[in-house]
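Numbering (numbering that gives the first Met the number 0), first residue to last: 0 to 49.
Backbone N, C-alpha and C fix where the C-beta goes; we use that ideal spot for every residue, glycine too.
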Amino acid sequence: MEWLRGFETPPERCFVVHGEPAAADTLRLRIQDELGWRVSVPEHGAALDL
């Protein structure tokens, strides 16, 4: 979280792609709640257009 707080401009979108699903979702919620960022946890094997 401390590293994320160092961003001067938040990213347009943030993806949590490591960890067990429950832990990744907990981190997603924390980033959303504390930083107000748009965050998602893609399903395993998902492909996303950036």
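For the 7 Å CB-CB criterion, ARG12 and ARG29 do not form a contact. Listed in chain order, the non-local C-beta contacts of GLY44 below 8 Å within the same chain number zero, local neighbours out to five positions each way being set aside. Sixteen is the threshold: since fewer than 16 other Cβ atoms of the shown chains lie within 10 Å of the Cβ of VAL16, the residue is exposed. Per DSSP, the beta bridge partners of PHE14 are SER39. Spatial neighbours of ARG27 in its own chain (CB-CB distance under 6 Å, excluding positions within 5 residues in sequence) are listed in chain order as VAL15, VAL38 and VAL40.
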